[in-house]
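Student:
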Amino acid sequence: MKLILSQRLHVMAAAAVTVLGSMFAINTATKSVEAIDTNTSAQHQAQSNDSEATAKDTAKTVVKTNSVLHPAKKIVIKPGRNLIAEANERAAAKKAAEAKAAALKAAQAAAAQKAAQEKAAQVAAAQKAAAAKQAAAQQQQAAATQSATTTTTSTTSTTTNKGTFKLSFYDPAVMGSNMGYSGVAANLSTFPRGTKLKITLSDGTVWYRTVNDTGSFAAGNPNQLDVAMPSSQIPSAGVLYATVEVVG
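Residues -25 to -1, 1 to 223 (mature numbering (1 follows the signal peptide of the UniProt record, and there is no 0)) are what the sequence shown spells out, left to right.
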């Protein structure tokens, strides 16, 4: 807008200069011929009017020509950049990215810690199971040792031969019993509870056991004993025959 006003003022000034120049030229010409001017006042007035009209036409021509040579330029206003706002946006985006990365790192650390705890719990459980298994094995070994000691212990007590009996075997621990391995299950009408027996196998092995239980095999067969023994020591044959004597 300021440019357009400036251009217009420039044009108007040029026109005014032209008009004044023309009038000065006319006035000078008039004065130079004033001594021989024989025209009437009406003729002078007409000439003056013609000069002013010519000056005005000249001014219009100058204005029109200047407008063509120097057309007004259209001012285009372009939106600028808000550098402060852009910097704030970049800072906020960076902060958000850092917060997201920190949250991801914390989640990964928590997952790793949880996995480590689960692994430690599994190791502890395996160790506990191994300790329990070892304790059970030691208990069985102690019972087997006691049974072997009882078998090899000689006695001077008198015995009564009851004949040949069928022997089967069972592990009380497997059945959830804590009666140990020093007893046998028998038909209680043949051998009452507490009866001490000497059992002699065909290869000469001797076991001393006490009747402390009965069972389906022995209860249904008066000539059968069910001998308590650790599973690892039960004969592979499963069923044996032995001479049985009552001690005492």
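C-beta atoms are modelled at their ideal positions from N, C-alpha and C, and glycine is treated no differently.
Classify M204: buried if its beta carbon has 16 or more other beta carbons within 10 angstroms, exposed otherwise.
Tutor: Here residue 204 refers to the residue found at position 229 of the sequence shown. Residue environment: M204 is assigned as buried (16 or more neighbouring CB atoms within 10 Å of its CB, all protein chains considered).
Student: Using a 10 Å radius around the Cβ and a threshold of 16 neighbouring Cβ atoms, would you call S129 buried or exposed?
Tutor: Within the sequence shown, residue 129 is the residue found at index 154, counting from 1. Residue placement at S129 cannot be trusted, given a pLDDT of 48 that sits under 50; what the coordinates show is reported in the next sentence. That one is exposed.
Student: Using the C-alpha atoms, what's the distance from V98 back to K89?
Tutor: In the sequence shown, the residue the question calls residue 89 occupies position 114. In the sequence shown, the residue the question calls residue 98 occupies position 123. Approximately 14 Å between the Cα atoms of the pair.
Student: Exposed or buried, which one is L200 when buried takes at least 16 other CB atoms within 10 Å?
Tutor: Along the sequence shown, one-based indexing puts residue 200 at 225. L200 is buried by the Cβ-count criterion.
Student: To the nearest angstrom, how far is it from the Cα of G55 to the Cα of A76?
Tutor: Here residue 55 refers to the residue found at position 80 of the sequence shown. Here residue 76 refers to the residue found at position 101 of the sequence shown. Rounded to the nearest angstrom, the two C-alpha atoms are 34 Å apart.
Student: Evaluate V219 with the Cβ neighbour count: other Cβ atoms within 10 Å of its Cβ, from every protein chain shown; 16 or more gives buried, anything less gives exposed.
Tutor: Taking the first residue of the sequence shown as 1, we reach residue 219 at position 244. Burial call: buried.
Student: Starting from the Cα of V221, find the closest Cα among A212, A68 and V159 and give me that residue.
Tutor: The residue labelled residue 221 in the question sits at position 246 within the sequence shown. Looking at the Cα atoms, V159 is the closest of the given residues.
Student: With a CB to CB cut of under 8 Å and the five nearest residues on each side skipped, what residues in its chain are close to T139?
Tutor: On the sequence shown, position 164 is the one that residue 139 refers to. Here the set comprises N198, Y216, A217, T218 and V219.
Student: How would you write the range of the beta strand (DSSP E) that S143 sits in, first residue to last?
Tutor: Locating residue 143 in the sequence shown gives position 168, counting from the first residue. Start and end: T134 to Y145.
Student: Where does A148 fall in DSSP's three states?
Tutor: One-based indexing of the sequence shown puts residue 148 at position 173. If DSSP states are grouped into helix, strand and coil, A148 belongs with coil.
Student: Does the structure place the stretch 104 to 114 close enough to the stretch 177 to 189 that three or more beta carbon pairs sit under 8 Å?
Tutor: no
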